[in-house]
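Structure first, commentary second.
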Amino acid sequence: MIRYAWLIPLFPLAGVLINGLLGSRVRDKAGHVASLMAGLSLLVVLGIAREMILGPGGSHVVPVWTWITAGSLSVSVSFLVDPLSTIMLLVVAGVGFVIHVYSIGYMHGDPGYPRFFTYLNLFMLSMLLLVMADNYLLMFVGWEGVGLCSYLLIGFWYEKQSASDAGKKAFIVNRIGDAGFLLGLFLIWTLTGSLSYAEVFKAAPQLAAPAATAIGLLLFIGAMGKSAQIPLYVWLPDAMEGPTPVSALIHAATMVTAGVYMVARTSPVYVQGPGALEVIALVGALTAIFSASIGLVQNDIKRVMAYSTVSQLGFMFMAMGVGAFASGIFHLMTHAFFKGLLFLGAGSVIHALHHAPAAQQQDMRYMGGLRSKMPVTYWCLVAAALALAGVPPFAGFWSKDEILAGAFFSGHYVVWGLGTAAALMTAFYVFRMIFMTFHGEMRVDHHAREHIRESPAVMTVPLVILAVLSVVGGVLPGFPPDAGWIHKFLAPSLAKAPGHAALDEGVRVVKAAAQAGAQGGGHGTAGIALIVLAIAVALGGIALAWRMYLRDTAAPARLERRFPGLYRLLLNKYYVDEIYQACIVEPIYRLMRALFDFDQKVVDGAVNGSSFLTVWFSRISGIFDLRTVDGAVNGTAGVIGFFSQLFKFIQSGMVQNYLFVMLLGVFLMVSAYLFR
Amino acid sequence: MELAFFYLFAAGIVGASLLMVTRANVIHAALLLVLAFLFMAGLFVLAGAEFLAGVQILIYAGGIMVLYLFSIMLMNVGVAVRLRQWHRQSVLALAAAVLLGAEVWAVLGRGGYPGAKAWGWGLGQTPGNVEALGEVLYTKFLFPFEVASILLLAAMIGAIVLAKREITR
Amino acid sequence: MVPLTHYLALGAILFLIGAAGVLMRRNAIMILLSIELMLNSVNITFVGFARQWADLTGQVFAIFVIAVAACEAAVGLAILISLNRDRQMMNVDEINLLKW
Amino acid sequence: MGIAVEAVIALVKIAVVLGVVSLVVAYLTYLERKIIAHIQQRLGPMRVGWHGLLQPIADGAKLFLKEDIIPDKADKVVFVIAPIMVLVPAFVVYSVLPFSSTFYITQVNIGIFFILAVSSLGVFGIVMAGWASNSKYSLLGALRSAAQMLSYEIFLGFSIIGPLMLAGSLNMQKIVEAQSDVWFVFYQPLAFVVFFIAALAETNRVPFDLPEAETELVAGFHTEYSGMKFAFFFLAEYASIMVVSTVAVTLFFGGWQGIGWIPLPGFVWYVLKLGAMIFVFIWIRATLPRYRYDQLMRLGWKFMFPLVMANIFLTGLVKFLFL
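Chains as they are written, first to last, in the numbering used here: chain E, 1 to 676; chain H, 677 to 845; chain Z, 846 to 945; chain C, 946 to 1268.
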């Protein structure tokens, strides 16, 4: 089965061709075609995963063709199937398929229906290339491909100014990150002489620490852009202008985790440069708490999710940074389930409210009391929220608290502290969202009220699937013995960070404690303390949200009055966009204007001056030319004319005369040969 | 034996050519040239160039010369026979040609050519030189061959454009 | 085996006959025919050399010469036909538009 | 065995072939008249000999004894040479035809190519005859003939390339031997159709007998000929029919090789096949009307030329891919 891995990206490619070229023909069937292709891909993935998980595993390279051969650089298009890419394939193909199906319902009746599914399949193709590549260049192709699709899909409703602006913003910010990524690739090639994973990792142990750190930081700049880390996260909240399934698929479940995947994939290089890991851990932790705090006060339902995504990505990078690569990938997987579910649920709500005024469709202040109208959506969202908040036994608990335990036991106490605070905020804002949307009195516009009903099955079934995954997706791969099955499975693909023994032991202890807690026994004080703390934080956040938004609904307003500065700061997202505008965009504009002025005045002045000088000089030399030079020329012409009159009789116009002369020439040549 | 045939053919060629050059009637000249070509084909066979002999007859005699005859018939040649046939520079030209001939004779008399090599095949034996010629023509000389084909195409288009009567409606 | 000199001499004689024909005749068709003769004299030398050195290159070039001759005949006759149509004559020494 | 003996043997062979061929050709005229007559519900020649069997000899004698008229304004030399020029190539070709695996005058490396080359000379005689007669009918016939034969020679040449590619040789013997399993007509039906049509045109036979069209040109290029010279044209035409039939049999119908188990000598097979081919020629003459000149050219250049090119391409492709 593994040798058929090339089939996986082939199906989405077929979908792209069918929907892209025959879009006007397939029309309403575009969604079904695209979903069929995604489903076929998923089937192949499942087949491969079955072999990888139940079989001996291992790392397999499936060559397709040689792509570039230039000098010592040789890049082939070939696919790598190993535990890490298996997990990623499962996430991408699984969540991707579910969201394709969901989109059939969500995008129904949109004028750009075939175009949407063309882009969606193109995205699948690029993302699959990204995770299956066996070298950095092919990965970069996928990397750029998903960036392109992200741009296309954010700006899908391009007639809306804000959507096309958001698309451009995402593209440009990603470009900045990609520049770093490219530099990283150049550096890798310079230092190791190859771009294929196998050879780079073989050469990695010989890398000096500064070199490895440089590579790691440059690659991380790319990851910052793609995975929305400080300071390049600004595009992700704006990306919510795209259709909701896009937000769920690209900006929550898959594309934004590409950076995490890349770091995990490159872990053999990263462990050689611990400096880069420290930076990653710190940036991740800061991003986690920073965006979680913004998420506390946002009113747009999708923006809350967006900041939550940024925050959770921060968690994943935190895991990478502290060396808990497997935990990060684990969280990536669970996050794909519950965050995808949250977005799809939000999409379901927005879908139900599409008769409300445009400004109110996504604003939680105009929702409330939807629980009875949309029970399936509600219960699915609650499951997702519990998973995100980290309440056992939901998925988030297993993965997130593994990360926190990893940070704690590897000695990154600051990171751990920031992470725990962010976890508290997470639990608060996600339940704030649940309560504002589904509980309390209904604040929906009166016209829209009677149109609110549960979404069609094509949308709710994906919700239920993802809900089930959110419930069991953590406990099944993460449950003891030891650190859980997923650690054992992923181990061959990932490098061991320095001090990994303590970390692994800590994770194991926490798991053991959890197991013991479930059984009623207890040992491992720190582990138990961590677990208790984590559960307390989650429940505390939920309780706080319950108190502020259900019991005492006036509390938010009171707080707002008491800390007006802080509230505005958070509501306006720390003014980061404005700061960028003022500090980067405006100075560039000003520089350009200055350069333009310089060009107008100095450069053009010099040019004009020199032309003026040239004109005068030309006039003077013109006089000389007329008198002296022309005189000489005319004299010559006169002489030539005289001789021409003489010799013109040679030109008789008769071909045979000429030929006769030619024959004479031959005669002379032979004579020269004879009598030399 | 071979030499005898060579002299026979050579005499035929030279005689036919001389007659050809001096004919007033163009048709007679063309027919004499055909005769010269046929002798030449015999000479080629003698020199082991059997395929070339075939080409000489098929293309030159059977194709090009028929084209000449065809064209001559389209033009009115009856008048031309009664006109002055020789150019005014004739005597000079003849003198130059004879002088040049003498010089060439002198050059040839010096001799001194590298020794002869034998063919890999004899007369009338198989495989003939057609296979060998094809082999060379389509491998070593493929590019000149293609160039020649382009040349023929260009000549065809040129001939059609030149000879076409302008149709005015 | 015929000596190479014989082929070369024959070629030279034919070439000179052809050249003399080109230079001495007025009739354009005669000139074209003489040119054909000259081309063929070259073929004879080619074949002679091919025979001498057992190298097929000479024969190959003879074939190219024949191709060129075909082109020359086609274009030349086309020119003659249009000339004959426009001016009702074929004497080359009356065509001197290129005179000074 | 001295060179003289070889020469004598060759001369004897030549004499035999020449004599037999002349006789056969003469009787071809009889055959044609008889077959056409029966197709048209007539009897044909019946008076001279049994069922008119001696008719060709009587005709020959008549033509031989007739006055040989040379028109006053004709170009005498060319006028006399023309019939010879027609007849000679037609007979020269017989020197390389393999009548059976053992009986032939000589073998040439370029066998089939030689036949093509020499038979292309036949047009000279016709052109010369047409021009030398100094008659407008003759000249028109000669012009038509030159254009027609020049054009159709191309298709004739191209159509045999397909079988030649399969045989891999120009030698007639080898071509025949290459067909010991399957005749090339089954591999190359397109080539055969084109070959046959081009052969009809090359031999100036109905439906392509434009150069001598009785109803328009009063017999075309040989209007002014009489007596033995006229007989030469006649002989040449039938000799050409024999030649193209022979080539057809050699290239497409396996030459002297028999069909499976029937134990007949190769020569008999050869004659049988040749007879069948010639019968088809005569049959066509009795059946089809004449083409118009523009139709003839259109058929050639716009239909047969692409067809035969496609055939060569396909043959090459198949040979490259599968052989």
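In this text, a Cβ means the ideal position worked out from N, Cα and C, and glycines have one as well.
Look at Ala-700/H: its C-beta is not under 8 Å from any C-beta on chain C.
Under the DSSP assignment, Leu-73/E falls in the beta strand (DSSP E) whose first and last residues are 73-81. For a Cβ distance threshold of 8 Å, residue set Phe-660 of chain E lies close to Leu-768/H, ordered along the chain.
Taken in chain order, the complete beta strand (DSSP E) segments of 3 or more residues contained in the segment 176-242 of chain E number zero; there are none. Your pair Tyr-549/E and Arg-432/E checks out as a contact, with CB atoms roughly 6 Å apart and the cut at 8 Å. Among the residues facing chain Z, Met-654/E is included, as its CB has a counterpart in that chain under 8 Å away. The beta-carbon separation of Val-146/E and Met-127/E, rounded to 5 Å, stays under the 8 Å limit for a contact. Straight-line measurement puts the Cα of Ser-644/E at about 53 Å from the Cα of Arg-1089/C. Taken atom to atom, the span from the alpha-carbon of Leu-750/H to that of Gly-638/E is near 51 Å.
Buried is the label assigned to Cys-149/E, since at least 16 other Cβ atoms lie within 10 Å of its Cβ. In the structure shown, His-60/E adopts extended strand secondary structure according to DSSP, grouped into three states. Val-75/E counts as buried, since no fewer than 16 other beta carbons sit within 10 angstroms of its beta carbon. Setting aside the 5 residues that flank it on each side, Met-318/E is surrounded in the same chain by Ala-281, Gly-284, Ala-285, Ala-288, Ile-403, Ala-407, Val-415, Gly-419, each with a C-beta closer than 7 Å to its C-beta; the list follows chain order. Residues of chain C with a Cβ closer than 7 Å to the Cβ of Gly-730/H are, in chain order, Ile-1055, Phe-1058, Phe-1059, Ala-1062. Between the alpha carbons of Glu-939/Z and Thr-1232/C lies a gap of roughly 55 Å. The C-beta of Arg-932/Z comes no closer than 8 Å to any C-beta of chain H.
DSSP places Lys-302/E inside the alpha helix (DSSP H), whose first and last residues are 301-322.
Sequence-distant Cβ neighbours of Leu-218/E in its own chain, meaning closer than 8 Å and more than five residues away, are Gly-180, Phe-181, Leu-183, Gly-184, Leu-187. Residue-level contact check: Ile-703/H touches chain C, since one or more beta carbons of chain C fall below 8 Å from its beta carbon.
For Glu-144/E, the uninterrupted alpha helix (DSSP H) segment begins and ends at 136-154. Counting along the chain, the unbroken alpha helix (DSSP H) around His-351/E starts and ends at 325-352. A buried status is given to His-331/E, since no fewer than 16 other beta-carbon atoms sit within 10 Å of its beta-carbon. Of the residues assessed, Trp-398/E falls on the buried side of the cut-off, its CB having 16 or more other CB atoms within 10 angstroms. Taking the Cβ atoms as the reference, Leu-463/E lies roughly 7 Å from Val-376/E, within the contact range of under 8 Å. With 16 or more other Cβ atoms from the protein chains shown falling within 10 Å of its own Cβ, Arg-896/Z counts as buried. Per DSSP, the beta-bridge partners of Ala-70/E are Leu-73/E. The C-beta of Arg-547/E has fewer than 16 other C-beta atoms within 10 Å across all chains shown, which makes the residue exposed.
No residue range can be given for Arg-871/Z, since it is assigned to no alpha helix (DSSP H) and is classified by DSSP as neither H nor E. Within the segment 1213-1246 of chain C, not one residue has a Cβ closer than 8 Å to any Cβ of chain H. Excluding its 5 nearest sequence neighbours in each direction, Ser-308/E has C-beta neighbours in its own chain below 6 Å: Gly-295, listed in chain order. Interface flag for Leu-674/E against chain H is set, since a Cβ pair is found closer than 8 Å. Here the alpha carbons of Val-1263/C and Ser-1125/C stand approximately 20 Å from one another. DSSP places Tyr-574/E outside any alpha helix (DSSP H), giving it a letter other than H or E.
The three-state reading of DSSP puts Asn-936/Z in strand, counting E and B together. The beta carbon of Met-1073/C sits closer than 7 Å to the beta carbons of Val-1023, Ile-1026, Ala-1027, Met-1030 from its chain, once the five residues preceding and following it are set aside; these are given in chain order.
The beta carbon of Glu-807/H does not come within 8 Å of any beta carbon belonging to chain Z, so the residue lies off that interface.
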